[in-house]
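Peer 1: Take a look at this one; I'll ask things after.
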Amino acid sequence: MTPLHAKSTIEEIRTRFDGEVERFSDLNTGQEAAMDSVAVLDVIARAAAARLAPGARVLDLGCGAGNYTLRILRELGSIDPILVDLSRPMLDRARARLAEAGVPRVTTIQADLRELAMEQGSLDAIVSGAVLHHLREDADWEHVFSRLHLWLRPGGLLLVADLVVCDDPALNRVMWDRYGEYLVRRGGEAYRDAVFGYIDHEDTPRSFPYQLDLLKRVGFRFCDVLHRNSLFGCYAAIK
Ligand SMILES: C[S@@+](CC[C@H](N)C(=O)[O-])C[C@H]1O[C@@H](n2cnc3c(N)ncnc32)[C@H](O)[C@@H]1O
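For any residue, its number in the working numbering is found by taking its place in the sequence shown, counting from 1, and adding 295.
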């Protein structure tokens, strides 16, 4: 396993995603290397629509090519989006897709989410798809989660979809085995090994219990898992 100090740098992550825009631009497939990605898009979008009014101000952290914002737009009818990503090509594609979907006014910010600054209580919702697993030490997670809480208005909604590990080693092994079998079915053993290789080099995922405990500690009054299949799932939290 790659030790923490040897994991991908922010610059390496940005460069890799600059070249991956196409792979993140299809609402019908979602992110194919992730299990249940279309189902998770659906759960997140419907959860957003259940708690938000049309025109809601929604921050999409690690927006990629905009799949989550676009899917929420489809459920909600209208949206006031702020898109954040390390990658400029991803932000450009997300903006173009939203313009095509009838949203001409979009704020885009190219930034590391750890360094982002937003006005306190200014957001109705924050959505984050497949990006928090790039946070490293506890201090990173604590800093970002307390910022997310600060930026939401009272009653505001946090929706997170991600790769999540299991804190019990034996059960974690089962989750990884099942994910490996999924990847082999999709693309064979070489594909599985390539995906496992970049996860090992690039990602530092945390479990659901770790994240839900931390959400409570930083002040969220509600949090619960909405969906899980093996190492992939999503949750909601309310300020
Ligand atoms: C796996 S993609 C997911 C994209 C999109 N949320 C989706 O689900 O289709 C992760 C995205 O997060 C961005 N990203 C990675 N680390 C980031 C960071 N520290 N701050 C902001 N964006 C980041 C990448 O550039 C990439 O576009």
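For every residue, glycine included, the Cβ atom is placed at its ideal position computed from N, Cα and C.
Since the model is a prediction, treat every value here as computed from it, not as a measurement.
1) Between the region 329–347 and the region 384–399, can you find at least three pairs of beta-carbon atoms closer than 8 Å?
2) Is I305 a contact residue of ligand 1, with contact defined as CB to any heavy atom under 7 Å?
3) Sort out for me which residues DSSP pairs V353 with in a bridge.
4) From the DSSP output, in three-state form, read off N362 for me.
5) Compute every distance between the C-beta of M385 and the non-hydrogen atoms of ligand 1, then say whether any falls below 7 Å.
6) What is the DSSP secondary structure of L526, reduced to helix, strand or coil?
7) Hey, Q326 and A425 are a contact pair by Cβ (cut 8 Å); roughly how many whole angstroms apart?
8) Quick check on this structure: which residue in Y477, S502 and R501 has the alpha carbon closest to the alpha carbon of V490?
9) Please list, in chain order, all residues of the same chain as D536 whose beta carbon is under 8 Å from its beta carbon, the five residues on each side excluded.
10) Would the region 426–443 count as touching the region 462–481 if we require 3 or more Cβ pairs under 8 Å?
11) If you measure from the CB of R309, is any heavy atom of ligand 1 nearer than 7 Å?
12) Any heavy atom of ligand 1 closer than 7 Å to the Cβ of H522?
13) Give, in chain order, every unbroken run of the beta strand (DSSP E) that is at least 3 residues long and sits entirely within the region 425–472.
14) Look at V439 and R501 and say whether their C-beta atoms are less than 8 Å apart.
15) Measure the Cβ-Cβ separation of R392 and G359 and say whether it is below 8 Å.
16) Ligand 1 and S382: does the residue's C-beta get closer than 7 Å to at least one heavy atom of that ligand?
17) Identify every residue that forms a DSSP beta bridge with F517.
18) Looking at A456 and C529, is the spacing between their C-beta atoms short of 8 Å?
Peer 2: In short:
1) No, the region 384–399 is not in contact with the region 329–347.
2) Ligand 1 approaches I305 closely enough that one of its heavy atoms is under 7 Å from the residue's Cβ.
3) By DSSP's assignment, V353 forms a beta bridge with P376 and A420.
4) Here N362 carries a helix assignment [DSSP, helix/strand/coil].
5) For M385, the CB falls within less than 7 Å of some heavy atom of ligand 1.
6) It is coil, neither helix nor strand.
7) Taking 8 Å as the upper bound for CB-CB distance, Q326 and A425 are in contact here, some 6 Å apart.
8) Of the listed residues, the one whose Cα sits closest to V490 is Y477.
9) With the chain covering only 296 through 534, there is no way to say anything about residue 536.
10) These segments do not touch.
11) A distance criterion of 7 Å places the beta-carbon of R309 in contact range of ligand 1, judged by its closest non-hydrogen atom.
12) Result no, Cβ not under 7 Å from ligand 1.
13) Runs of the beta strand (DSSP E) lying entirely within the region 425–472, each at least 3 residues long, are 447–458 in chain order.
14) No, the Cβ-Cβ distance between V439 and R501 is not below 8 Å.
15) Taking C-beta atoms as the reference points, R392 and G359 fail to come closer than 8 Å.
16) At least one heavy atom of ligand 1 is nearer than 7 Å to the Cβ of S382, so yes.
17) I533.
18) Taking 8 Å as the Cβ cut-off, C529 and A456 qualify as a contacting pair.
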